[in-house]
Amino acid sequence: MSGFDQGRGSDVLDVEERARFEQLVLPHLDAAFNLARWLLKSREDSEDVTQEAMLRAFRFFRGFHGGDARAWLLQIVRNTCYTWLEKNRPMELMMEFDEELHPQPSVSPETLAIAGDNRERLGRALETLPPRFREVLVLRELEGCSYKEIAAITAIPIGTVMSALARARQRLQRALTQAPVQEAPREL
Amino acid sequence: MSCDYTRTALHGYLDGELDASRSAEFERHLEGCRECAKVLQTEESLRSVLQRSGLCESAPISLRKKIRAELDKATATPVAQRIAFWRWAAVAASILVVATIAWYAWPQLGTTRNPEAAPFTAAELIDAHIRSLQPGHLTDVPSTDQHTVKPWFGGKLDFAPPVKDFADDGFSLVGGRLDVLGGRSVAVLVYARRKHFINVFVLPTKEPDTPIHPPGLRQGYQWLHWRHQGMEYCAVSDVSVADLHELAQLLYQ
Chain Y
0 MSGFDQGRGS DVLDVEERAR FEQLVLPHLD AAFNLARWLL KSREDSEDVT
50 QEAMLRAFRF FRGFHGGDAR AWLLQIVRNT CYTWLEKNRP MELMMEFDEE
100 LHPQPSVSPE TLAIAGDNRE RLGRALETLP PRFREVLVLR ELEGCSYKEI
150 AAITAIPIGT VMSALARARQ RLQRALTQAP VQEAPREL
Chain S
0 MSCDYTRTAL HGYLDGELDA SRSAEFERHL EGCRECAKVL QTEESLRSVL
50 QRSGLCESAP ISLRKKIRAE LDKATATPVA QRIAFWRWAA VAASILVVAT
100 IAWYAWPQLG TTRNPEAAPF TAAELIDAHI RSLQPGHLTD VPSTDQHTVK
150 PWFGGKLDFA PPVKDFADDG FSLVGGRLDV LGGRSVAVLV YARRKHFINV
200 FVLPTKEPDT PIHPPGLRQG YQWLHWRHQG MEYCAVSDVS VADLHELAQL
250 LYQ
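Same order as they appear, the protein sequences are chains Y and S. Heads up, the first sequence stops at 187 in numbering that gives the first Met the number 0, and the numbers go up one at a time, no gaps. Heads up, the second sequence stops at 252 in numbering that gives the first Met the number 0, and the numbers go up one at a time, no gaps.
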C-alpha cells in the first residue's frame with residue numbers, strides 16, 4: 000500500500016479551507032505531538048517539530064481529498080521527525096532494525112506487569128528501542144491505529160506490520176525486564 | 000522460543016487483525032500449543048501495561064497557541080482585518096448590552112433580543128474549556144457517580160443542574176466543577192469521550208426551549224448551545240461534531 004498523496008503545497012489557504020482544516024486535522028494535534036514526543040524523546044524538540052509538521056500539513060491540505068485525516072497528519076509528522084533526526088541525531092537512525100532475534104527465555108505475565116508498573120521505567124525501556132520499533136508500538140498501543148493505518152503512516156508494506164510489531168514487542172519486553180531496577184531512593 | 004506463530008499470527012490475533020478463517024486456524028493451534036498460550040498471555044500483559052501506563056502525552060497549550068498564530072499568518076484573510084472585525088464585534092456587543100439594559104430599564108418598550116442566542120461568546124466558552132484542561136482544573140468533584148456529583152452542587156449554586164452519566168453510550172461522567180463565565184456562576188459537567196474531554200456549562204434561564212443549535216467552530220474546538228426545561232446548556236470540546244451532537248441529544252432527553 001502506498002502512502003497518501005501529500006499534494007502540492009500552497010502558502011496561503013482561504014478561510015473556508017482553514018475551517019475545514021480546523022475541523023478535520025487540528026483535533027489530532029495530541030496524537031501528532033505524542034508520536035513526535037516518542038520519536039524524538041524530548042518534549043521541547045517535539046513542540047518545534049510538531050509545529051513545523053502542522054504547518055506543512057496546512058500547506059499540503061489542498062492535496063488531502065478526504066479519508067483518514069489522522070493517518071494523513073501522522074504521516075507528515077513522522078516524515079518531519081525523521082528529517083529532523085537525520086539532521087540532528089544521525090546516529091539514532093543507524094540503530095539496527097533487522098536484528099536477528101535470539102531465542103529468549105520467555106517472560107512471565109506477572110514479571111512483566113510488575114516491571115511495567117513504573118511509568119518512568121516503561122518510558123525509558125521504550126526509548127531504548129530503535130525508532131522504527133518505537134513508532135509501531137506507539138501507533139498501535141498508545142494511539143490504537145489499525146495495521147492499515149500503521150502501514151500508511153510508516154510507509155512499510157501492510158504485510159510486514161504484524162512482524163514489525165512482533166519484534167518490537169519482544170524488544171520492549173527484553174528492555175523492560177533486563178533494565179536494572181531503579182526504584183525511588185529508599186528512606187531510612 | 001520456537002513456534003513460528005509467536006512471531007506472526009499470534010500478534011494479528013492479539014490485535015484483532017486476522018480474518019475469520021485465519022483467526023479460527025490460530026485458535027485451533029492455540030489449543031495444542033502451550034508456548035503460544037503462554038506468549039499470548041505475556042503479550043496481553045504487555046498491552047495492558049502500555050495502555051494503563053499514561054505514556055500518552057498531550058500537546059501543551061503553548062503549542063496550540065503557536066500553531067494557531069502560524070495558521071493565522073498562513074490564512075488568506077489578513078489578520079489585521081480580522082482584528083478589526085473582532086474590535087467592531089466588541090463595539091457592537093457593547094452597544095447591544097447597553098441597549099438590552101435600556102430595554103429592561105423601560106419595560107414598556109418591550110424586548111426584542113435575539114431569543115435564541117447563547118449567553119456567552121465563543122471566546123469565553125473556548126477559553127473556559129482550555130483553562131479546564133490545564134492540570135488540576137478539570138473538576139472540583141471528580142466522580143463518575145451522578146449521585147455524588149449532583150448533591151455536590153447543592154448549596155453552591157442557586158439552582159440544581161441535571162446530572163446524568165452516559166457511560167453506556169460512550170460518554171462517561173468524569174465529574175463536575177463551578178466556573179464563572181461572563182460574570183455568572185455556572186455548573187460544569189465534565190464528560191470523557193475516548194481521550195477527549197467535553198465541558199457542558201449549565202445555568203438557569205427564563206427563556207423558552209430552543210433546539211440544539213448548529214455547531215460553532217473555532218481554534219479546532221466545537222460547541223453547541225440549547226435551552227431545555229429552564230436550563231441553558233453550552234457543550235464544548237475537540238471531539239467531532241457528530242460526537243458532540245450525540246451527547247447533546249442524550250442530555251436533551
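Heads up, the beta-carbon is just placed ideally off N, CA and C, and yes, glycines get one too. All of these numbers come straight from a predicted model, not from anything done at the bench.
Between which two residues does the alpha helix (DSSP H) holding residue 215 (chain S) run? Run containing residue 215 (chain S): none in the alpha helix (DSSP H); it sits in the beta strand (DSSP E), 215-217.
Which partner residues of residue 198 (chain S) appear in the DSSP bridge assignment? Beta-bridge partners assigned by DSSP to residue 198 (chain S): S:189, S:235.
is_contact[residue 26 (chain Y), chain S] using C-beta, thresh 7 Å: Yes - at least one Cβ of chain S is within 7 Å of the one on residue 26 (chain Y).
When you compare only the Cα positions, how much space is there between residue 105 (chain S) and residue 183 (chain S)? Bear in mind that the predicted position of residue 105 (chain S) carries a pLDDT of just 49, short of 50, making it unreliable; the figure below should be weighed with that in mind. As the crow flies, the alpha-carbon of residue 105 (chain S) is around 24 Å from that of residue 183 (chain S).
Of all the options Y:76, Y:124, Y:86, Y:164, which has the alpha carbon lying nearest to the alpha carbon of residue 55 (chain Y)? Y:76 is the residue among Y:76, Y:124, Y:86, Y:164 whose C-alpha sits nearest the C-alpha of residue 55 (chain Y).
With a threshold of 16 other CB atoms inside 10 Å of the CB of residue 1 (chain S), please say whether the residue is buried or exposed. Label assigned to residue 1 (chain S): exposed.
Go through its chain and collect everything with a Cβ distance to residue 42 (chain Y)'s Cβ below 8 Å, but skip five positions before and after it. Taken in chain order, the residues that qualify are 36.
Residue 182 (chain S) in three-state terms, based on DSSP: DSSP places residue 182 (chain S) in coil when its eight states are reduced to three.
Using the beta-carbon of each residue, which ones in chain Y are nearer than 9 Å to residue 235 (chain S)? Neighbours of residue 235 (chain S) across chain Y, judged by C-beta separation under 9 Å, do not exist; the nearest C-beta is about 13 Å away.
Examine chain S for any beta-carbon lying closer than 7 Å to the beta-carbon of residue 78 (chain Y), and answer yes or no. Chain S contact via Cβ: absent.
Looking at C-alpha atoms only, which residue of S:250, S:124, S:133, S:139 is the closest neighbour of residue 164 (chain S)? Nearest C-alpha to residue 164 (chain S): S:250.
Are the CB atoms of residue 160 (chain Y) and residue 149 (chain Y) within a distance shorter than 7 Å? Yes, these two residues count as a Cβ contact at 7 Å.
What in chain Y is Cβ-close to residue 55 (chain S), meaning under 7 Å? Ordered by position in chain Y, the residues that pass the 7 Å Cβ test against residue 55 (chain S) are 33, 141.
Just the C-alpha distance for residue 136 (chain S) and residue 187 (chain S), rounded to the nearest angstrom, thanks. Rounded to whole angstroms, residue 136 (chain S) and residue 187 (chain S) show a C-alpha spacing of 12 Å.
Straight-line Cα distance separating residue 54 (chain S) from residue 14 (chain S): The C-alpha of residue 54 (chain S) is placed about 19 Å away from the C-alpha of residue 14 (chain S).
What residue from Y:17, Y:14, Y:30, Y:25 has the CA that sits closest to residue 138 (chain Y)'s CA? Scanning Y:17, Y:14, Y:30, Y:25 for the CA closest to the CA of residue 138 (chain Y) turns up Y:30.
Alpha carbon to alpha carbon, what distance is there between residue 154 (chain S) and residue 66 (chain Y)? Distance between the alpha carbons of residue 66 (chain Y) and residue 154 (chain S) is about 49 Å.
So which residues on chain S does residue 29 (chain Y) lean against when the C-beta distance must stay under 9 Å? Chain S residues near residue 29 (chain Y): 55, 56, 57, 58, 194, 195, 237.
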